[in-house]
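2 protein chains.
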Amino acid sequence: MAELSIDRFVDRYARRTSGMSASEVRALFAVASRPEVVSLAGGMPYVQALPAAEIDAVVRDVLREAGPTALQYGGGQGQLSLRETLVRLMGEEGVPGDPDDVVVTTGAQQALDLLGKIFIDPGDVVAVEAPAYVGALSAFGAYEARFLAIATDADGMIVDDLEQALVQGERPTFVYTVANFSNPGGVTMSLRRREQLIGLCREAGIPIIEDNPYGLLRFEGDPLPCLKAMDPDNVIYLGTVSKTFSPGVRVGWVLAEQSVVQRVVLAKEAADLCGSNLAMLITERWFAGEDRWRGTLDRLVRTYRSRRDVMLAALGEHLPADAHWTEPAGGFYVWVTLPDWMDAKALLAAAVERRVAYVPGVAFYADGRGTNQLRLAFCYPDEDRIVEGVARLGALFTDEEQLYRNLGGR
Amino acid sequence: MAELSIDRFVDRYARRTSGMSASEVRALFAVASRPEVVSLAGGMPYVQALPAAEIDAVVRDVLREAGPTALQYGGGQGQLSLRETLVRLMGEEGVPGDPDDVVVTTGAQQALDLLGKIFIDPGDVVAVEAPAYVGALSAFGAYEARFLAIATDADGMIVDDLEQALVQGERPTFVYTVANFSNPGGVTMSLRRREQLIGLCREAGIPIIEDNPYGLLRFEGDPLPCLKAMDPDNVIYLGTVSKTFSPGVRVGWVLAEQSVVQRVVLAKEAADLCGSNLAMLITERWFAGEDRWRGTLDRLVRTYRSRRDVMLAALGEHLPADAHWTEPAGGFYVWVTLPDWMDAKALLAAAVERRVAYVPGVAFYADGRGTNQLRLAFCYPDEDRIVEGVARLGALFTDEEQLYRNLGGR
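Same order as they appear, the protein sequences are chains X and Z.
If you use my numbering, the first sequence corresponds to residues 58 to 467, in order.
If you use my numbering, the second sequence corresponds to residues 58 to 467, in order.
And the structure:
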């Protein structure tokens, strides 16, 4: 899949496909899936933490009690009983909502696609963090959005920069943010920044899309209020069970006001008619067992916290002194910045050669920035593998620095 | 959901949403879901025919043998082993294919959406049958396609009319057809028409999208070759397990050449990352048991054939003499044409009042035609309910005719 072949339909594709490209990184990831390679690339949840016997029991209960429903078409909005469950789940983070205002989607990714479909005309501006979730860039990019990339620091999006852009005349269709434990940045928007963003967007009449996959994966400290809780009218909220339960059921959702909900449902029906009743019923039942889901979530948080600790310690030990990285208080990712002259994308092949993989930073910018940056995921490999992987990376980067110095670069 | 409310984001929606409207028929269908109403509207497969114990065994096997995979993210193209299964399934209808050329989608509906996304620029022309599958009109319409509606008769699309349109300068981006037991027409494209369509499109360089959900649900007669088998290069083929197995797993697929496949995969990843591994593994395993899936399919075909027979007999008995309808040799639907002056959409409220529901014909045309037509589905209600429903419809239409004559209309 490294390159699109020229073909008989070449003159027929829509203009938007020119923005869809198979990255050269794909080919490397195929290699990186070999077992001897430590992948710090993919954000795969540690589903091995899910209790197999309980999953089995949940699925059998669903089939016994609702077999014909599970195997049938459903409505475009998703089952009401599941939407009630998702509202309870949002309540865990203080987000108020009504099941009528929820649309179940195929993971939160489909919510990004459907919101892109109903909001973005070609050339419309979408404000995103820099770096931003690559899947959001793909989803919105498919509708030919132009991106306004707002820089981030340890406190998340630098809202002053957004304000500056608005002063200079930018008029984004919406602002997209992963405020908690961002992907890829691993940073969390501070309370002050949240208040500032809410106030600015409300004043400017710009809706905010808050994507919150990691909120319940907090390792320490007190949770900050979700943007949706701070301004229910102007924020469209996205959730998913991919990180608290399983990505294999593909259950995410949108919480928004009715006019948005109705358009998202129509777009959903045009996109795939409806989600899988079977997967929705399994999800609903999973979260019906309080001890079950809370116990699993606790186990996941403990596992990820410990892996985060191990990764941060290994980075301190193995990475060159002039590299730096974020220290996430939750979620899946650490964002590493190498010396300016290093090219993380160019180095990926050498890294895979040394049996370790990561995602080069340029993937997370719409404008080619991030050459000296990379994303590391600590969610999936066990602690020994994390240490081994970071040590291999450290050796690679140290060797590169040596080479650079030898060549007179410093 | 009857009407979209005006809202604070009203100036922000994309232009394409102006074509997405919640039909007034929705509100009626909410009423029609009451148990006392015989619904001849929805195309819900008779999933009660699926053997519960075998489903249970299949699901448990999947969880036992591949639990962590089932609960994890997968690739955008869908599992190779499932794609191999789908290739075998296509072989049942003589369609040749390679697993590398298959992309698994969320039902065939998502395939329509993704193909729309990669092929349709706003204003592009798409040639469809008249009447056409309403979900295709929604999917392509969301990308602002303009429809070229080609009339149909008992032999399917009248290809002469398409040729005429090409002569007059129309240049469709593709032709979309449900050649076998069409939805909603219930007609099958004859061999002569297939040859004519293949030749015309090949000569004009226009790809054909062949959507074949019902092909294996043939009640009598010999199967005709699929368009994909007749011209593998120029036909993009869509399949689904929704009718042979279960719509609840949401498994459909595209079979196309590599350049299309690669673009569909990129569009799929932007749309929802990947399908449900759990649902894909269940589907694969279901079709691994030859006796199981063939036995179920046989049972479904017998059930649908018998229901079709009952519906056709009831129509002959109860409908007014000046109504006529198609006689499907497979699939789910009968297409009814009433006298010109009747308005099936206007009559739907009265029908629901009389405890029977159908889909008004106008839903299946992009241009407001079909006021005196309607679609009846014989797939879901049992035979007694079908007879009762058709009798109620017959009484309604007969009363309408009486009223019309009394008012001097004839």
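Ideal Cβ placement from N, Cα and C applies to all residues, glycine included.
Task: Cα-Cα separation, Met214 of chain Z to Thr245 of chain Z - done: 9 Å
Open item on the list: Looking at Val391 of chain X: is its Cβ nearer than 8 Å to the Cβ of Leu433 of chain X?
Closed with: yes
Task: Element boundaries [beta strand (DSSP E), containing Phe231 of chain Z] - done: 231-234
- [ ] Would you grab the beta carbon distance between Gly418 of chain Z and Gly427 of chain Z for me? Rounded to a whole angstrom, and I think it's under 8 Å.
- [x] 3 Å
Task: Three-way DSSP call (helix, strand, coil) for Gly387 of chain X in this model - done: strand
Task: Runs of beta strand (DSSP E) wholly within the region 252-307 of chain X (minimum 3 residues, chain order) - done: 265-268, 292-297
Open item on the list: I want to verify the contact list: residues of chain X whose CB lies under 7 Å from the CB of Ser333 of chain Z, in sequence order.
Closed with: Gly305, Val306, Arg307, Ser333, Ala336
Task: Nonlocal neighbours in the same chain, by C-beta distance under 7 Å from Pro102 of chain Z, ignoring five residues either side - done: Ser299, Lys300, Pro304, Cys436
Task: Ala423 of chain Z beta carbon less than 8 Å from that of Phe176 of chain Z - done: no
Task: Straight-line Cα distance separating Ala401 of chain X from Leu372 of chain X - done: 16 Å
- [ ] Take Gly272 of chain X and list the residues in its own chain whose beta-carbon comes closer than 6 Å to its own, dropping the five residues that flank it on each side.
- [x] Glu150, Asn237
Open item on the list: Under DSSP, the alpha helix (DSSP H) around Val367 of chain X begins and ends at which residues?
Closed with: 347-375
Open item on the list: Can you tell me which residues form a DSSP beta bridge with Glu186 of chain X?
Closed with: X:Ile207
Open item on the list: Is it the case that the region 104-119 of chain X contacts the region 120-135 of chain Z, given that we only count it when at least three CB pairs across the two stretches are under 8 Å?
Closed with: yes
Open item on the list: Less than 8 Å between CB atoms is the rule here; does Phe454 of chain X satisfy it with respect to chain Z?
Closed with: no
- [ ] Output the residue ranges of the beta strand (DSSP E) runs that lie fully inside the region 412-466 of chain Z and measure 3 residues or longer, sorted by chain position.
- [x] 430-434
Task: Amino acids of chain X, ordered along the chain, whose beta-carbon sits closer than 7 Å to that of Phe66 of chain Z - done: Pro264, Ser316, Val317
Task: Bridge-paired residues (DSSP) for Leu312 of chain Z - done: Z:Val159, Z:Tyr294
Task: contact_flag[the region 280-295 of chain Z, the region 304-323 of chain Z] where n(CB pairs < 8 Å) is 3 or more - done: yes
Open item on the list: Run through chain Z and tell me which residues come within less than 7 Å of Ile443 of chain X, C-beta to C-beta.
Closed with: Ordered by position in chain Z, no residue passes the 7 Å Cβ test against Ile443 of chain X, which lies about 19 Å from the chain.
- [ ] Please go through the same chain and pick out, in chain order, the residues whose beta-carbon is closer than 7 Å to the beta-carbon of His381 of chain Z, but skip the five residues on each side of it.
- [x] Thr394
TODO: Would you kindly check if the distance between the Cβ of Gln167 of chain Z and the Cβ of Glu341 of chain Z is under 8 Å?
DONE: no
Task: For Ser96 of chain Z, the residue or residues it bridges with in DSSP - done: Z:Ala414
TODO: Give a yes or no on whether 8 Å exceeds the smallest Cβ distance from Asp439 of chain Z to chain X.
DONE: no
Task: Spatially closest choice to Leu169 of chain Z from Z:Gly133, Z:Leu357, Z:Thr297, by CA coordinates - done: Z:Thr297
Task: For Thr394 of chain Z, the residue or residues it bridges with in DSSP - done: Z:His381, Z:Gln430
Open item on the list: Would Tyr480 of chain Z pass as an interface residue toward chain X - the criterion being a Cβ-Cβ separation below 8 Å?
Closed with: With chain Z represented from 58 up to 467, any question about residue 480 of chain Z goes unanswered, as that position is not in the structure.
Open item on the list: Would Thr74 of chain X pass as an interface residue toward chain Z - the criterion being a Cβ-Cβ separation below 8 Å?
Closed with: yes
Open item on the list: Does chain X have any CB closer than 8 Å to the CB of Met77 of chain Z?
Closed with: yes
Task: First through last residue of the alpha helix (DSSP H) which encompasses Ile175 of chain Z - done: 164-176
TODO: Put Met337 of chain X into one of helix, strand or coil per three-state DSSP.
DONE: helix
Task: Burial state of Gly262 of chain Z (16 or more Cβ within 10 Å) - done: exposed
Task: For Ala399 of chain X, the three-state DSSP class (helix, strand or coil) - done: The amino acid occupying residue 399 of chain X in the given sequence is Met; Ala does not appear at that position. Met399 of chain X falls in the coil class under three-state DSSP.
TODO: Would you tell me roughly how many angstroms separate the C-alpha atoms of Ala448 of chain X and Tyr70 of chain Z, rounded to the nearest one?
DONE: 49 Å
TODO: Figure out for me which residue from Z:Gln430, Z:Ile339, Z:Tyr190, Z:Glu220 has the closest Cα to the Cα of Asp118 of chain Z.
DONE: Z:Ile339
Task: Where Gly213 of chain X sits in the DSSP three-state scheme - done: strand
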